[in-house]
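> The structure is given below, and queries will be raised subsequently.
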C-alpha cells in the first residue's frame, strides 16, 4: 500500500457527504491529494468531514485519489493541489532533491511497513540464503539491511528479486520466502484472512528508527498559511470523533462508499484506529532528526540541511524527546 507499491489507482474526487453541516458555507477550498485510493488510513479525514469539523473551521475539503503513484508531491510542488499525503520515509529524499515541500502535519504516526515471511522462516536469522521480494529499491533496502544486521546477517546473505507490486502473490505462490514493503494493516491482514501462514517482523523492533507513516506536505511558500492551521485543528477534532465513535464513522463511510464494505476494510479500520495521529500538527523533532541520520547513514540523503527547511509544526510547537 505504500507509494511505490501502488498498482491500481482511481483518479478523481472522492465525494464525502457530511453527517451535519453548519448553515454557513465553507470559505476556503482545500484540495488534498491522497496517497492511494480511499482506505482506512484516511479515517480521520472522513471523520473531520462527517462531524462537520472542516466546515466549522471554514474549510471545503476535497479528497482526490491520484492516477499516478508518484504524483501527489509533484502536484503540490507545482501548485496544482494544496496538500499531499506522503511518507516521512520519503520526506528526506524529497528534501535532498530540493523539492520545495514541507511537512506540516501527520495522519498516521506509527510505521506500517512490515517484513512478511512465509512458512519456514520464524526469525530474521532464518532468512540466511533465502529470497526476499521487493517492489522498488530505496528506503526498504535500508530497512532490510538494518533488520538483517540485527540478526548478524548482511544483504549478501539473502537474494533479492523485484516482484513489482505483487507482494502478496509472491508470498502465496512461494516465489519468495519473504517480502518487504507490505503494510501491516492491509496486506498482512489480507494474507491472514486468506489463511496463509506468515510471520511478521516490524522494522522499528529490529534497529530501524521510528517514523510517521503518513504525513501532509504543503508547498514551502504556503507552509505558514492560516488555512493550514485551520485544517490541522479540524483534523484533530476529526481524530477525536473517530476515536470516540469509530463504528458510526465506519458506517457512514460504508454508506457513502459501499465498496468499502469488505472484511479486509473492516479489519483494517479497527487495526488503524490506534495509529491515528491525535495531534496532527505536532512535530516530533527527535524522531525526524533520528530518521534523517538513518537516511544519511544509508546514502539516501546526501546534503546536510536544517530540519526546519522541510518539516515544521505550523503552530511552532515541537514534541519533547
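Residue numbers (our numbering): 631 to 951.
Heads up, the beta-carbon is just placed ideally off N, CA and C, and yes, glycines get one too.
In this text, all values refer to a predicted model and were calculated from it rather than measured experimentally.
1) By the DSSP assignment, the beta strand (DSSP E) with residue 846 in it spans what residues?
2) Contact between the stretch 875-882 and the stretch 798-808: three or more CB pairs below 8 Å?
3) Can you name, in chain order, every residue of its own chain whose Cβ lies under 8 Å from the Cβ of residue 701, other than the five neighbours on each side?
4) Looking only at its chain, what residues have a beta carbon closer than 7 Å to the beta carbon of residue 654, apart from the 5 residues adjacent to it on each side?
5) In terms of DSSP beta bridges, what is residue 735 paired with?
6) Tell me the residue span of the beta strand (DSSP E) that contains residue 831.
7) Around the Cβ of residue 860, are there at least 16 other Cβ atoms within 10 angstroms (buried) or fewer (exposed)?
8) Classify residue 933 as buried or exposed, calling it buried when 16 or more other Cβ atoms lie within 10 Å of its own Cβ.
9) Spatial neighbours of residue 931 within its chain, please: C-beta separation below 7 Å, excluding the five flanking residues on both sides.
10) Does DSSP classify residue 754 as helix, strand or coil?
11) Leaving out the 5 sequence neighbours to the left and right, which residues in its chain are closer than 8 Å to residue 944 when beta-carbon positions are compared?
12) Evaluate residue 935 with the Cβ neighbour count: other Cβ atoms within 10 Å of its Cβ, from every protein chain shown; 16 or more gives buried, anything less gives exposed.
13) Per DSSP, which one or two residues make a beta bridge with residue 661?
14) To the nearest angstrom, how far is the alpha carbon of residue 887 from that of residue 873?
15) Does the Cβ-Cβ distance between residue 746 and residue 828 come in under 7 Å?
Reading off the structure:
1) According to the DSSP assignment, residue 846 belongs to the beta strand (DSSP E) that extends over 844-849.
2) By the Cβ criterion, the stretch 875-882 is not in contact with the stretch 798-808, since fewer than three pairs of Cβ atoms, one from each stretch, lie closer than 8 Å.
3) Taken in chain order, the residues that qualify are 663.
4) Bear in mind that a pLDDT of 45 at residue 654, under 50, signals an unreliable position, so the number given afterwards is only what the model happens to contain. If we look at residue 654 and ignore the five residues flanking it on each side, it has no Cβ neighbours.
5) According to DSSP, residue 735 shares a beta bridge with 846.
6) Where residue 831 is concerned, the enclosing beta strand (DSSP E) stretches over 829-831.
7) It counts as buried.
8) It is exposed - the Cβ of residue 933 has fewer than 16 other Cβ atoms within 10 Å.
9) Within the same chain, residue 931 has close Cβ partners 722, 723, 726, 922, 925.
10) Residue 754: helix per DSSP, three-state reduction.
11) 734, 735, 853, 854, 858, 859, 862, 911, listed in sequence order.
12) Around the beta-carbon of residue 935, fewer than 16 other beta-carbon atoms lie within 10 Å, marking it exposed.
13) Answer is 692, bridged to residue 661.
14) So the two alpha carbons sit approximately 20 Å from each other.
15) Taking 7 Å as the Cβ cut-off, residue 746 and residue 828 qualify as a contacting pair.
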